[in-house]
Amino acid sequence: MQRRTNLQISSTIIILSIITIMVQFTAYYLFEQSYLVWGISCIASVLSCHVLLQQSASYEACYYYSLLTIFNSLSITVLVYLGNVQTFLPYTNLMAGIVVINWLLPLIHCTLRYVIDYGSRVEDFNIFYRNMSIIFIIFYLGILTYALFASAAFEWAHPIKTADYNLLPFEKIASLIEDKLYDKINLDLIISYLLPRILIYMPYGFYIRLVLYSKKRIIRVAVFLLLPLLIELAQYYIIPSRCDIDDILYSLIGSFLGSLFFVLFNWIVRAISGRDFLISNRKRISRGSIHF
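Numbering (this note's numbering), first residue to last: 282 to 573.
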């Protein structure tokens, strides 16, 4: 396939990003059902990525397309949320979903293309994945900081309010289980307490497993503990009511689950394509070399 000029590709990226935003927010304006809005948004994103890959034979084009659509959709969402254009578009959580779709769908589509590797060979997937991961990590760290240090953040995940730090292991979860046994609370309260504390560290475990692929297990475990310990130490001084020794255990569980998810994903990639995910096969003897 003959490669297009940089100017042609750049123009295509801009046009497709504009069309995507128009389609997504037109669907948001016309429909109230989340499955319609997000479904149309997904289709627009996937089709645009497919066109860009066919024309450019490079994953880099999809990265710039995703970056533009994320920036535009996030800008619209922030403006609406702040009330500047409420008369035209009311804010709902569907807008945040559109922003996530503009990052997630290009990543999924390009990853599947990389794994299956059909048609002409497309270049620079490692660079694409690194750049998309940087976008995710920026948002992830922002959400993590807000969730762990803002006193009013996600109050539903804090059913037991305390004025000071907790250094007694399993005190809160034991109290919740006891209340459940006496039918004072519902099971969903325990789930809402445990699940966010575990899931929020799964991306951390995934990326640590990816980046430290060739390192010894003890090193990865030490790094799994590093971030939670730093966070709990910071909470101890900044917002003591959020400092809980149990969170270190939950974060370790989440990190292990994220690491396990990477192992399973890499196994699937190897079964389909015969190669490890982002790892050079030439150095498999020395436990692999990550290209990230």
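Think of the CB as a built atom: it goes at the ideal place given N, C-alpha and C, for glycine as much as any other residue.
- In the three-state scheme derived from DSSP, where H, G and I count as helix and E and B as strand, S473 is classed as helix.
- In the DSSP annotation of this structure, the continuous segment of the alpha helix (DSSP H) that includes C391 starts and ends at N374 to I397.
- The beta-carbon distance between E341 and D405, rounded to whole angstroms, is 5 Å. This is short enough to meet the 8 Å contact definition.
- Straight-line spacing of the CA atoms in S554 and I389 works out to 16 Å.
- Assigned with DSSP and collapsed to three states, S432 falls in coil, not helix or strand.
- Of all alpha-carbon atoms in N447, D460, Q305 and R551, the one lying nearest the alpha-carbon of I529 is that of N447.
- With fewer than 16 other CB atoms across the displayed protein chains lying within 10 angstroms of its CB, P450 is exposed.
- Per DSSP, the unbroken alpha helix (DSSP H) holding A552 starts and ends at D527 to S554.
- In this structure M483 is buried. Its beta-carbon is surrounded by 16 or more other beta-carbon atoms within 10 angstroms.
- Burial check for M376: the Cβ neighbour count within 10 Å reaches 16 or more, so the residue is buried.
- Judged by DSSP secondary structure, Y310 falls within the alpha helix (DSSP H) whose first and last residues are N287 to L311.
- In the structure shown, the three-state DSSP call for S339 is strand.
- Annotated as proximal: G539 and F487, with beta-carbon spacing under 8 Å.
- Three or more Cβ pairs drawn from the region 519-534 and the region 500-510 lie within less than 8 Å of each other, which places the two stretches in contact.
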